[in-house]
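Student:
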Amino acid sequence: MPPRHIESGARQAMSDPSLTARYNNPKKRNLSKRARNWLIGAALSIGVVGAAYVGFNNYSAITAQDVNFEVVSPTLAKSSIVVEYNSKDRVQCDIRAMNESKAVVGYKTVLLDPGEQSGVIKQQIDVDLHTDNLAVTSGVESCYKVPQNFKG
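First residue of the sequence shown? That's 28 in my numbering, and the numbers climb one at a time after it.
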């Protein structure tokens, strides 16, 4: 009698028609090359438009530049800065004075409200900073947009 050949359990299971249809369906239709390329192009276009929207929507053109500073006394420094911002935004700027070791010895926050102006606003601000020690420099640390109902 010839030796009996026994199939493994995995091979027996794959011969089941329902599993073949699920995992290795020979009747599965592939997308045409044209349809596949069209879908890839559409997905890339949507991605680029979405990235551009996020990038431009979060863009806020606020620039601040130090113009002048003066150390009046060990307890007072004056700083002049120019801030350029959009009139639809309320802007808050932080101005600081530092000593020789770059430690902050004076700090002031200024809220800029555009009021009735329109377009891009360029505004010079003169700030008196009361200091703990003798300052050797002062200037703007940062300017950023704040909500319209922000009280400062």
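Heads up, the beta-carbon is just placed ideally off N, CA and C, and yes, glycines get one too.
#1: Distance check for G146 and N176, CA to CA, integer angstroms please.
#2: Could you compute how far the alpha carbon of E127 sits from the alpha carbon of C170?
#3: Among A88, A162, V163, Q151, which residue has its Cα nearest to the Cα of V110?
#4: How far does the alpha helix (DSSP H) with L58 in it extend, from its first residue to its last?
#5: Quick check on the burial criterion: 16 or more other C-beta atoms within 10 angstroms. Buried or exposed for L138?
#6: Please confirm whether any heavy atom of the ligand FMN lies closer than 7 angstroms to the CB of G68.
#7: For E168, collect the residues of the same chain with a Cβ closer than 7 angstroms to its Cβ; drop the 5 residues on either side in sequence, then sort them by chain order.
#8: Enumerated in chain order, which unbroken segments of the alpha helix (DSSP H) with a length of 4 residues or greater are wholly contained in the region 52-117?
#9: Under 8 angstroms between the Cβ atoms of A91 and L156?
#10: Looking at the secondary structure, which residues open and close the beta strand (DSSP E) in which D153 lies?
#11: With a cut-off of 8 angstroms on the beta carbons, I'd call S165 and S106 a contact; round off their distance for me.
#12: How would you call Y112, buried or exposed, if buried means at least 16 neighbouring beta carbons within 10 angstroms?
Tutor: Concretely, from the data shown:
#1: 20 angstroms
#2: 24 angstroms
#3: Q151
#4: Note, L58: premise wrong, no alpha helix (DSSP H); not H, not E.
#5: exposed
#6: The model on display carries no ligand, and the ligand FMN is accordingly not part of it.
#7: D121, I122, R123
#8: 60-84
#9: no
#10: 147-157
#11: 4 angstroms
#12: buried
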